[in-house]
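Inspection log for the structure reproduced underneath, given as structure tokens.
Residue numbers (the numbering used here), protein chains in the order written: chain A, 43 to 279; chain B, 3 to 322.
Right under this line is the structure:
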């Protein structure tokens with residue numbers, strides 16, 4: 043693998059994997075991310091993964107302490123990154139990503155866009171639920187809001203652009219689709235995705251030591267539940 | 003304790019931010035000028051990551067319920083205590099009952115007020131800074147309001163003293179090699195090559211105006227449009243404080259301290275770390291010009307600033 047390494051200002055480097063819009067890339071990105079986050083890279087404070095990139099944040103002052111040449115701190119760190127990446131194990135050696143099941147109560151007040159999506163897809167609401175919950179997704183990245191997952195793997199027949207008018211408030215737990223991806227709103231925020239249902243699970247809790255339910259690279263499946271089950275599960279972590 | 007008598011426009015509790023959780027979508031945030039915050043904390047004898055108050059445009063009025071040592075850095079707020087001006091960039095002893103009134107500022111936009119002991123709010127994900135969009139951290143995850151009472155951390159015992167200000171000052175802005183008023187040093191962004199040759203030239207040579215559309219998340223600039231050489235979709239990727247991104251309108255946005263973790267617009271430039279403090283002082287109607295420097299120059303400026311700050315700390319053998 044020959045990754046391209048570029049700079050993002052004076053405190054981050056971007057590792058870009060060859061842009062292939064296939065299903066291997068998200069797993070590869072997570073592999074790179076976990077390979078580099080063993081704490082062995084000097085001066086590195088944080089890694090941020092996205093669909094095709096891993097951004098490596100560093101402290102220039104700290105690099106100096108590792109005897110990096112003062113005139114080329116970024117180039118020196120890029121070389122260290124390339125060295126580490128050349129030792130990246132084969133993709134097959136990776137343990138499989140964990141699978142997280144997310145219960146969803148579809149339709150009704152919880153899924154105000156289920157009917158309109160069914161109409162646009164020329165299917166019944168029940169078929170939309172089956173399509174959405176039968177697919178397996180991968181968490182491409184978390185962003186937009188704390189714990190907000192971008193889920194790759196939406197069936198072709200459910201691909202629609204965002205709502206023309208975004209909602210000023212989307213309830214926490216809302217499960218939605220747009221632009222070929224699915225997502226779950228971790229808190230009440232504005233949003234333009236089509237809301238199909240709601241999960242009783244809490245996706246983000248800043249007071250918890252592992253605050254986000256989902257991590258980049260996780261596999262996700264949705265399970266359709268009744269309103270009774272929603273109420274029973276509500277408030278469980 | 004300190005009591006907020008009048009909250010001001012946007013007074014929040016901040017420290018040096020919440021690194022380590024960006025991969026979960028949690029922004030680093032913290033004081034919009036982390037260097038000014040570090041200097042203010044140093045001046046009162048705090049560890050540099052202590053929680054302090056950040057104010058914007060119209061400052062707060064606060065009442066000290068105990069004797070305290072304070073220091074503030076940033077824009078020229080009309081700061082007074084009992085009618086007397088409160089000088090910036092130096093430690094000041096104030097007796098219990100003092101009322102600090104920060105008024106407004108005609109130049110710049112933000113200031114940071116450190117109090118010895120630091121503001122004692124619970125740490126959330128390793129930081130006391132306020133995440134306004136996530137609604138956590140700081141004081142109940144929100145900006146301060148009149149009537150809020152803030153606890154202070156412990157300090158070494160001090161004798162009560164009348165209002166006295168140190169005769170010396172340490173000015174954070176002076177610890178950075180200057181490059182001229184209204185000029186911000188930038189590095190080329192990752193998508194620099196995507197822009198038309200004309201757009202790249204315009205970016206480097208034109209004057210942009212700060213618009214009213216600005217907050218801790220970012221500031222939209224007015225001025226000449228910066229088109230791409232050809233239409234191109236970007237795959238979302240990590241961004242940072244100081245990233246200058248250009249949406250399809252061609253009007254650049256400079257990302258602020260509370261930017262999201264991931265962005266999807268081409269990044270034409272990134273502000274050098276030593277000049278991030280200047281972004282915090284943007285006011286609508288101000289103009290800005292971007293001066294390109296190389297990565298190694300940005301690092302040299304940063305290293306020099308740290309060296310000068312260390313020297314200042316060593317020289318000011320601190321005994322409040």
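Here a beta-carbon is modelled for each residue, glycine too, at the ideal position from N, C-alpha and C.
Values in this document were obtained by computation on a predicted structure and should not be read as measured data.
Report back the beta-carbon spacing between residue i and residue j to the nearest angstrom; my notes put them in contact at under 8 Å.
i	j	result
residue 62 of chain B	residue 132 of chain B	Not a contact, Cβ separation roughly 14 Å.
residue 254 of chain B	residue 270 of chain B	7 Å
residue 136 of chain A	residue 73 of chain A	5 Å
residue 180 of chain B	residue 277 of chain B	The Cβ separation is near 10 Å, so there is no contact.
residue 56 of chain B	residue 33 of chain B	6 Å
residue 280 of chain A	residue 261 of chain A	The requested residue 280 of chain A does not occur in the structure, where chain A is confined to residues 43 to 279.
Please confirm whether residue i has its beta-carbon closer than 7 Å to some beta-carbon of chain B.
i	result
residue 54 of chain A	yes
residue 194 of chain A	no
residue 48 of chain A	yes
residue 248 of chain A	yes
residue 115 of chain A	yes
residue 254 of chain A	yes
residue 51 of chain A	yes
Of all Cβ atoms in chain A, is any one closer than 7 Å to the Cβ of residue i?
i	result
residue 155 of chain B	no
residue 62 of chain B	no
residue 242 of chain B	yes
residue 298 of chain B	yes
residue 264 of chain B	yes
residue 21 of chain B	yes
residue 178 of chain B	no
residue 36 of chain B	no
residue 162 of chain B	Unreliable placement is indicated for residue 162 of chain B, whose pLDDT of 49 sits below 50; the coordinate value is still reported in the next sentence. No - not a single Cβ of chain A is within 7 Å of the one on residue 162 of chain B.
residue 24 of chain B	yes
residue 189 of chain B	yes
residue 237 of chain B	yes
residue 27 of chain B	yes
Drop a sphere of 10 angstroms on the beta-carbon of residue i, count the other beta-carbons inside from all chains shown, and report buried for 16 or more, exposed for fewer.
i	result
residue 202 of chain B	buried
residue 250 of chain A	exposed
residue 211 of chain B	exposed
residue 248 of chain A	buried
residue 209 of chain B	exposed
residue 84 of chain B	exposed
residue 3 of chain B	exposed
residue 194 of chain A	buried
residue 90 of chain B	buried
residue 250 of chain B	exposed
residue 24 of chain B	buried
residue 162 of chain B	Residue placement at residue 162 of chain B is poorly supported in this model, since its pLDDT is 49, which falls under 50; the coordinates are not used for a value here.
residue 198 of chain B	exposed
residue 193 of chain B	buried
residue 289 of chain A	What is shown of chain A runs 43 to 279, which leaves residue 289 of chain A out entirely.
So what's residue i in DSSP terms, helix, strand or just coil?
i	result
residue 87 of chain B	strand
residue 333 of chain A	Nothing can be reported for residue 333 of chain A, as the shown portion of chain A is limited to 43 through 279.
residue 43 of chain B	helix
residue 317 of chain B	helix
residue 174 of chain B	helix
residue 102 of chain A	helix
residue 67 of chain A	helix
residue 250 of chain A	coil
residue 95 of chain B	strand
residue 175 of chain A	helix
residue 122 of chain A	helix
residue 235 of chain A	coil
residue 1 of chain B	The question about residue 1 of chain B has no answer, for chain B in this structure spans 3 to 322.
residue 224 of chain A	strand
residue 64 of chain B	strand
Practice task
May I ask you to list, following chain order, the residues of the region 88-105 of chain A that have a beta carbon less than 7 Å from some beta carbon of chain B?
Solution key: For the region 88-105 of chain A, the residues whose beta carbon sits under 7 Å from a beta carbon of chain B are, in order, 88, 89, 90, 91, 92, 93, 94, 95, 97, 102, 103.
Problem - Members of the region 119-138 of chain B that neighbour chain A once the beta carbon cut-off is set at 8 Å - result: For the region 119-138 of chain B, which is checked against every Cβ of chain A, the residues closer than 8 Å are 126, 127, 133, 135, 136, 137, 138.
Practice task
Quick one: which residues of the region 167-198 of chain A get their C-beta closer than 7 Å to a C-beta of chain B? List them in chain order.
Solution key: Here the close residues are 183, 184, 185, 186, 187, 188, 189, 190.
Problem - Cβ-based contacts, 7 Å cut-off: residues of the region 199-217 of chain A near chain B - result: Here the close residues number zero.
Problem - Within 8 Å of chain A by C-beta, residues of the region 300-316 of chain B in sequence order - result: Contact residues of the region 300-316 of chain B toward chain A are 300, 301, 302, 304, 305, 308 (C-beta to C-beta distance below 8 Å).
Handout entry: Near-chain A residues of the region 269-281 of chain B (beta-carbon distance less than 9 Å), N- to C-terminal order
Key = So the list reads 269, 271, 272, 273, 274, 275, 276, given in the order they occur along the chain.
Handout entry: Contact set between the region 256-276 of chain A and chain B, restricted to residues whose Cβ is under 9 Å from the partner
Key = Taking 9 Å as the cut-off between beta carbons, the residues of the region 256-276 of chain A near chain B are 256, 257, 258, in sequence order.
Problem - Residues from the region 187-218 of chain B in contact with chain A, defined by Cβ distance under 9 Å - result: Cβ contacts with chain A come from 188, 189, 190, 191, 192.
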